[in-house]
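Okay, structure first, notes after.
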Amino acid sequence: MKFKYHRQIVDMLYHEWDLGKSASGARGKTCAWLYWLEILSEIENFVFEIQGREVVGICGYSKWKSKRHLFRKKSYGAVRKLLANSFLVKNKMAIRKYDRDYDYAPPELEDYFDGEIAVLIVNKKFRGQKIGQKLLSQTFELARDDHMRNLQILTDESCNYKFYEHMGCKKIYEKVIPNGEPDASGKTDSEIGFIYEKVFRE
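Be aware that the sequence shown starts at 0, since it is given in numbering that gives the first Met the number 0, and climbs by one per residue.
Structure below.
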């Protein structure tokens with residue numbers, strides 16, 4: 000993927016979610032880059048929508064314990080660690096806490112899934128065109144062809160989580176996240192996180 004597309008995806012992430020920026024005092028789009036590097040460290044396969052010269056949406060899945068996943072975890076994970084511990088992040092403990100808060104899958108589901116939807120985002124300017132539905136459907140097809148049994152989808156109240164139900168996914172778990180994404184006024188409060196399951200084969 001061209002570097003300009005990476006920047007466009009980071010811009011989408013930056014304008015969609017806080018991603019720990021407020022709590023950590025991180026500069027500019029640092030937290031969006033941290034989040035994207037985390038995705039890159041996990042992603043097995045992905046699809047994206049380009050209109051003109053702009054990436055307007057991306058979706059992909061991880062496949063846990065695959066060789067590609069383990070390699071990416073080491074390489075992109077190392078870069079992410081350097082950035083998280085750099086001078087660009089004022090409160091480094093806040094970043095670690097944010098990561099823990101949003102990694103809310105319970106121990107009993109730890110070995111239950113073959114992988115997860117690592118990312119699904121569509122540029123706000125292009126919503127209403129069913130791009131998200133198209134990208135998720137294509138990603139499901141890739142995962143099915145990759146002999147995946149099921150996928151985990153972590154989402155929360157800051158997202159259009161009902162969308163996953165329309166896409167044939169089942170909610171199997173929910174938990175209160177103590178420090179959720181800031182709302183439009185900048186107020187941070189708790190929110191509910193959900194885990195959905197997409198089954199391809201029993």
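Glycine included, every Cβ here is placed at the ideal spot set by N, Cα and C.
Chain-order list of residues whose beta-carbon lies under 8 Å from that of residue i (same chain, five-residue window excluded)
i      : result
Glu164 : Lys170, Tyr195
Gln7   : Glu53, Val54
For residue i: DSSP bridge partner residues
i      : result
Gly207 : What the structure shows of the chain is the stretch from 0 to 201, and residue 207 is not part of that stretch, so it cannot be assessed.
Leu87  : According to DSSP, Leu87 bridges with nothing at all.
Ile194 : Leu153, Tyr172
Gln50  : Glu53
Chain-order list of residues whose beta-carbon lies under 7 Å from that of residue i (same chain, five-residue window excluded)
i      : result
Ser61  : Glu41, Ile42, Glu43, His68, Gly114, Glu115, Ala117
Ala83  : Leu33, Lys91, Ile94
Cys168 : Ile152, Tyr195, Glu196, Lys197
Glu109 : none
Asn122 : Met11, Val55, Gly56
CB of residue i within 7 Å of CB of residue j, strictly
i      : j      : result
Met147 : Phe70  : no
Arg95  : Leu33  : no
Ile38  : Asp100 : no
Met166 : Leu134 : no
Lys89  : Gly24  : yes
Thr138 : Val9   : no
Tyr111 : Lys174 : no
Ile120 : Met0   : no
Phe125 : Tyr160 : no
Tyr13  : Ala31  : yes
Ala142 : Ala93  : no
Ile130 : Glu48  : yes
Leu150 : Lys73  : no
Leu36  : Tyr75  : yes
Leu210 : Thr29  : Nothing can be reported for residue 210, as the shown portion of the chain is limited to 0 through 201.
Cut-off 6 Å between Cβ atoms - residues of its own chain near residue i, not counting five sequence neighbours on either side
i      : result
Glu156 : Glu190, Ile191
Thr154 : Tyr160, Phe193
Gln50  : none
Phe162 : none
Handout entry: Stretch pair the segment 15-28 + the segment 51-59: three plus CB contacts closer than 8 Å
Key = no
Practice task
Only counting runs of 3 or more residues, tell me where the beta strand (DSSP E) segments fall wholly within the segment 100-176, in order along the chain.
Solution key: 114-121, 149-155, 169-176
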